[in-house]
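Here the sequence shown stands for residues 75 to 123, numbered as in our numbering. In what follows, a structure is listed as structure tokens, so that the remarks can point back to it.
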Amino acid sequence: MVIEHSKDDGVDVDFTKEHLEPMLQENLDRFVLFPIQHDDIWEMYKMEQ
């Protein structure tokens, strides 16, 4: 477990793998910078265009 302490604001940040955002984790099956993997997110995006 890696916890970093900030002296400025007193906030502890936990950088362990189980606390990372799943959409930001490396995936070798993706070949674009910010792919949309979930169909429902893609549909909402297309509705707004």
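Think of the CB as a built atom: it goes at the ideal place given N, C-alpha and C, for glycine as much as any other residue.
Per DSSP, the continuous alpha helix (DSSP H) segment holding MET118 begins and ends at 113-122. Look at LEU98 here: in three-state DSSP terms it is helix.
Just so you know, the alpha carbons of GLU117 and MET97 end up roughly 17 Å apart.
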